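Visitor: Okay, handing you the structure first.
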Amino acid sequence: MTHKYESSTEFEARLDKMIQTQKLKPEYKSLLLEIAELGEKADANGLISGLGWSVDANNVVLDEYEIMNSSGNLLYLIISEARKYLENLIEDLG
Numbered sequence: 003m004t005h006k007y008e009s010s011t012e013f014e015a016r017l018d019k020m021i022q023t024q025k026l027k028p029e030y031k032s033l034l035l036e037i038a039e040l041g042e043k044a045d046a047n048g049l050i051s052g053l054g055w056s057v058d059a060n061n062v063v064l065d066e067y068e069i070m071n072s073s074g075n076l077l078y079l080i081i082s083e084a085r086k087y088l089e090n091l092i093e094d095l096g
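For our numbering, count along the sequence shown from 1 and bump the result up by 2.
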């Protein structure tokens, strides 16, 4: 999800800057944009409590994503699995 104060355009610009500074692999950008959109829907429907990516000691984004489900349990997934998990949650809404 984007920060509460951040628009989708601002989030995309932040990801672009992270790519330029080598804090984010370019191939993660589209996945993170999708996850942000899906995460906002899942959060709005009470399906999750929060989510975020993992970084190393140098603040480089890792291929790890954390999702807190509605029960407060943390799920640790790779980025592509996080997207699929959120897609399935949204699909189950009907």
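Using N, Cα and C, we set each Cβ at its ideal position, and we do this for glycine too.
No experiment lies behind these values; they were computed from the predicted model shown.
Ordered along the chain, which non-local residues of its own chain (more than five positions away) have a Cβ less than 6 Å from that of L33?
Guide: I81, R85
Visitor: What would DSSP say about Y78, mapped onto helix, strand or coil?
Guide: strand
Visitor: For L53 and F13, what's the separation of their Cα atoms in angstroms?
Guide: About 15 Å.
Visitor: Which whole-angstrom value describes the C-beta separation of L49 and L91, a residue pair presumed to lie in contact below a C-beta threshold of 8 Å?
Guide: 5 Å
Visitor: Between which two residues does the alpha helix (DSSP H) containing G54 stretch?
Guide: Where G54 is concerned, there is no enclosing alpha helix (DSSP H), although the beta strand (DSSP E) it sits in stretches over 50–57.
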